[in-house]
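Here the protein sequences line up with chains U and R, keeping their order.
Counting from 1, one number per residue, gives the positions in the first sequence under the numbering used here.
Counting from 319, one number per residue, gives the positions in the second sequence under the numbering used here.
Heads up, the beta-carbon is just placed ideally off N, CA and C, and yes, glycines get one too.
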Amino acid sequence: MATITTSPGQTRALELNILARKQRSLWRDAWFRLRRNKAAMVGLGVVAVFVVIAILAPFIAPRDPIQQTTANALADPFWGSPQYTNPEYPLGSDQLGRDILSRLIWSTRVSLWVGFIPVSLIFLIGVSVGMLAGYNGGWVDNLLMRITDVIYAFPDLLFLFIIMAMLRNTAAGNLGGGLVLMFVAIALVNWVGMARLVRGQVLSLKEREFIEAARAIGAKPRRIMVRHLFPNVLAPVIVSVAFGIPSAMLAEATLSFFGIGIKPPTPTWGVMINEGFVVFSTTPWPVLLPALCISIVMLAFTFVGDGLRDALDPRMKT
Amino acid sequence: MLKYTIRRLLLLIPTLFFVALIVFSLAHAAPGSPFDAKSNENKPLPQATIERLNHLYGIDKPVWEQFALYLSNAIRFDFGSSFVRDRPVIEIIGQGFPYSAQLGVQALLVALMFSLPLGVISALRQNSIVDYASLLFATVGTTIPSFVIGIFAIYIFGVTLHLLPFVGWSTPSHWILPTAILSLGAMAFLTRITRASMLEAIRQDYVRTARSKGLGEQVVIVAHVMKIVGPATAGLITGSIIIEGLFSIPGIGRLFLTSIIQRDYPLIMGTYMLYAVLIAVANLVVDLTYGIVDPRIRFDR
Numbered sequence: 001m002a003t004i005t006t007s008p009g010q011t012r013a014l015e016l017n018i019l020a021r022k023q024r025s026l027w028r029d030a031w032f033r034l035r036r037n038k039a040a041m042v043g044l045g046v047v048a049v050f051v052v053i054a055i056l057a058p059f060i061a062p063r064d065p066i067q068q069t070t071a072n073a074l075a076d077p078f079w080g081s082p083q084y085t086n087p088e089y090p091l092g093s094d095q096l097g098r099d100i101l102s103r104l105i106w107s108t109r110v111s112l113w114v115g116f117i118p119v120s121l122i123f124l125i126g127v128s129v130g131m132l133a134g135y136n137g138g139w140v141d142n143l144l145m146r147i148t149d150v151i152y153a154f155p156d157l158l159f160l161f162i163i164m165a166m167l168r169n170t171a172a173g174n175l176g177g178g179l180v181l182m183f184v185a186i187a188l189v190n191w192v193g194m195a196r197l198v199r200g201q202v203l204s205l206k207e208r209e210f211i212e213a214a215r216a217i218g219a220k221p222r223r224i225m226v227r228h229l230f231p232n233v234l235a236p237v238i239v240s241v242a243f244g245i246p247s248a249m250l251a252e253a254t255l256s257f258f259g260i261g262i263k264p265p266t267p268t269w270g271v272m273i274n275e276g277f278v279v280f281s282t283t284p285w286p287v288l289l290p291a292l293c294i295s296i297v298m299l300a301f302t303f304v305g306d307g308l309r310d311a312l313d314p315r316m317k318t
Numbered sequence: 319m320l321k322y323t324i325r326r327l328l329l330l331i332p333t334l335f336f337v338a339l340i341v342f343s344l345a346h347a348a349p350g351s352p353f354d355a356k357s358n359e360n361k362p363l364p365q366a367t368i369e370r371l372n373h374l375y376g377i378d379k380p381v382w383e384q385f386a387l388y389l390s391n392a393i394r395f396d397f398g399s400s401f402v403r404d405r406p407v408i409e410i411i412g413q414g415f416p417y418s419a420q421l422g423v424q425a426l427l428v429a430l431m432f433s434l435p436l437g438v439i440s441a442l443r444q445n446s447i448v449d450y451a452s453l454l455f456a457t458v459g460t461t462i463p464s465f466v467i468g469i470f471a472i473y474i475f476g477v478t479l480h481l482l483p484f485v486g487w488s489t490p491s492h493w494i495l496p497t498a499i500l501s502l503g504a505m506a507f508l509t510r511i512t513r514a515s516m517l518e519a520i521r522q523d524y525v526r527t528a529r530s531k532g533l534g535e536q537v538v539i540v541a542h543v544m545k546i547v548g549p550a551t552a553g554l555i556t557g558s559i560i561i562e563g564l565f566s567i568p569g570i571g572r573l574f575l576t577s578i579i580q581r582d583y584p585l586i587m588g589t590y591m592l593y594a595v596l597i598a599v600a601n602l603v604v605d606l607t608y609g610i611v612d613p614r615i616r617f618d619r
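Below is the structure:
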């Protein structure tokens, strides 16, 4: 082929094009990859619906979730046998005559709180301690590693069981129907993992040239941590947060299922399963419906988490 | 290697001490005792009896004194007597342990039996239907909590089809559901890992490294199986508590659950410490086999 002559203008355009392409940030790139991931997008959709239901619970729940009407107890859902259904209870009622649909809707609120508050605590504590320990080393690092050794020796679910069972009848355990204690307990058991993750990342990052450069021009440690280290540890942290949310929700459901979680009458999926288990062999819906809700939400969050992991760090893709 | 093993074993002592201290103080920080009138609402005990019981079991002493006494007894393998059952903790745990061990071993075997072939096949036929199906299974199995799967299984096989019993552990047919449900999580996890390790092993790097270090073929295989099984075991240990609770199996998991609800301090301590030791040992074994398998991991810094 003949030589292609390019005018200076064209060269400039090519260069500009390259520059423009390079400006796509990691986050934008990740978003593009995430959008192509069908499972993750479905998961994200389900999570969005779940959040909307939780926020709008008081407006969309047809009945009071804790009002007992014993005369209407154990109604079948609308697809059940016609003689046991009650049009006022589309998904049936439990043995105390409470509306299952309304209870399911209100439960999303508790799940949402349990998903987000402890994970925010874990994020705050874990990231700050992890950065300090990784960057400064010294006694913070030593202390963190010793605490980790001990906390890792606690089987985490068992430890949650003990904290909840022992403290739920104290004043602290009664705050918010047991919610506050649940937040603290979950955060307490899990912050160390986050701190370890951030510490490891910081340890390898702080030897890199750009941090050395920042130090060389006299940036203060605080500035280095906030402006340079933090954005660079964010990707794995986000993935860990995304998986932390469903695991916190699962912890609540498990504890409530065994009767040592959130206190009745506050409805949560775990509490509903616990209470419905008595009549399970004759009337299964009060148990099956919340179990189904838990499954759907857990799957949705896992799909989002998997998608985020693949999008933020394509090398980790299996 | 030997030095590292010994150091890790020695490190277990302060760790277990702290675990004991924290669980002990948590248990005693809780309001109420097993003999409170509150915990026996139907037939409240007279105050004098409660005081005598407290004295008999030493609950009236300061907490630190109780803890010191507990430790000094525990070193001699005397873990006290259960408040509720009035029998030595060691004896109660010894009675429950065979059930838990059987459940755990059965679940692990079932998990291995299915996950190894499944993982190998999906790795060999990457991106085939089998591969996607096993990947989906692995995601679902690790995501949906075991007690929820258990509830669905009880509904389908127990309540609707009347095929399998789901309360207790008396006959082999009682074993099927709990074993299957407990194995699911481990099975999903193992399928994932087997697939990933197979994909890596096809490239052969670390198998070659292991051989070049002069390790025998058997060590290579055993170490690799251990590397996979170790983490799964830790999951099975905690998972069995939930399964034992759900299916009313009289193992140590259910002992743990009932003891924390009944505030039976000696039994809480006994079961919890047993779990802590089991998990610590499982972790230690995993770390050690990692060292055998992967020479890049150095134990002496």
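N- and C-terminal bounds of the alpha helix (DSSP H) containing residue i
{"i": "A165 of chain U", "result": "D156 to L167"}
{"i": "N190 of chain U", "result": "L179 to L205"}
{"i": "A172 of chain U", "result": "A171 to N174"}
{"i": "N274 of chain U", "result": "W269 to G276"}
{"i": "V233 of chain U", "result": "F230 to F257"}
{"i": "A451 of chain R", "result": "I447 to T461"}
{"i": "Q67 of chain U", "result": "Element bounds for Q67 of chain U: n/a, residue is neither H nor E."}
{"i": "G475 of chain R", "result": "First, the amino acid is wrong: residue 475 of chain R is Phe here, not Gly. From DSSP, F475 of chain R is part of no alpha helix (DSSP H); its letter is neither H nor E."}
{"i": "I368 of chain R", "result": "Q365 to L374"}
Helix, strand or coil at residue i [DSSP, three-state]
{"i": "S399 of chain R", "result": "strand"}
{"i": "A300 of chain U", "result": "helix"}
{"i": "P62 of chain U", "result": "coil"}
{"i": "S440 of chain R", "result": "helix"}
{"i": "H492 of chain R", "result": "helix"}
{"i": "I340 of chain R", "result": "helix"}
{"i": "A594 of chain R", "result": "helix"}
{"i": "R394 of chain R", "result": "coil"}
{"i": "K356 of chain R", "result": "Caution applies to K356 of chain R, whose pLDDT of 46 falls short of 50 and renders its modelled position unreliable; the value that the coordinates give is listed next. Helix."}
{"i": "F432 of chain R", "result": "helix"}
{"i": "S281 of chain U", "result": "coil"}
{"i": "A208 of chain U", "result": "What sits at residue 208 of chain U in the sequence shown is Arg, not Ala. The answer is coil: DSSP assigns R208 of chain U none of H, G, I, E or B."}
{"i": "K379 of chain R", "result": "coil"}
{"i": "G319 of chain U", "result": "Because residue 319 of chain U is not part of the residues shown, which for chain U are 1 to 318, the question remains open."}
{"i": "S566 of chain R", "result": "coil"}
{"i": "S25 of chain U", "result": "coil"}
{"i": "L482 of chain R", "result": "coil"}
{"i": "N37 of chain U", "result": "coil"}
{"i": "M516 of chain R", "result": "helix"}
{"i": "P264 of chain U", "result": "coil"}
Listed by chain order, chain C residues near residue i by CB distance under 9 Å
{"i": "V477 of chain R", "result": "Among the protein chains in the structure shown, which are U and R, there is no chain C."}
One or two residues paired with residue i in a DSSP bridge
{"i": "I85 of chain U", "result": "Sequence check: residue 85 of chain U is Thr here, not Ile. Its beta-bridge partners are U:D76."}
{"i": "D99 of chain U", "result": "U:S93"}
{"i": "P406 of chain R", "result": "R:S399"}
Rounded Cβ spacing between residue i and residue j (contact assumed at less than 8 Å)
{"i": "N274 of chain U", "j": "S247 of chain U", "result": "The Cβ separation is near 20 Å, so there is no contact."}
{"i": "I262 of chain U", "j": "G126 of chain U", "result": "I262 of chain U to G126 of chain U, Cβ: 24 Å. No contact."}
{"i": "L500 of chain R", "j": "L421 of chain R", "result": "6 Å"}
{"i": "F415 of chain R", "j": "I560 of chain R", "result": "About 18 Å separates the two Cβ atoms, so there is no contact after all."}
{"i": "V239 of chain U", "j": "L312 of chain U", "result": "6 Å"}
{"i": "T108 of chain U", "j": "F50 of chain U", "result": "6 Å"}
{"i": "F465 of chain R", "j": "L564 of chain R", "result": "5 Å"}
{"i": "A429 of chain R", "j": "M516 of chain R", "result": "Incorrect: roughly 17 Å between the Cβ atoms, too far for contact."}
{"i": "G503 of chain R", "j": "G459 of chain R", "result": "6 Å"}
{"i": "L112 of chain U", "j": "I100 of chain U", "result": "L112 of chain U to I100 of chain U, Cβ: 19 Å. No contact."}
{"i": "L344 of chain R", "j": "M166 of chain U", "result": "5 Å"}
{"i": "S102 of chain U", "j": "R63 of chain U", "result": "5 Å"}
{"i": "V114 of chain U", "j": "E252 of chain U", "result": "4 Å"}
{"i": "A425 of chain R", "j": "L554 of chain R", "result": "6 Å"}
CB contact flag (residue i, residue j, <8 Å)
{"i": "S452 of chain R", "j": "L508 of chain R", "result": "no"}
{"i": "H228 of chain U", "j": "A216 of chain U", "result": "no"}
{"i": "M225 of chain U", "j": "Y152 of chain U", "result": "no"}
{"i": "T335 of chain U", "j": "T457 of chain R", "result": "Nothing can be reported for residue 335 of chain U: it is not among the residues displayed for chain U, which extend from 1 to 318."}
{"i": "F78 of chain U", "j": "T69 of chain U", "result": "no"}
{"i": "F123 of chain U", "j": "V241 of chain U", "result": "yes"}
{"i": "S418 of chain R", "j": "V485 of chain R", "result": "no"}
{"i": "I294 of chain U", "j": "P463 of chain R", "result": "yes"}
{"i": "P584 of chain R", "j": "F335 of chain R", "result": "no"}
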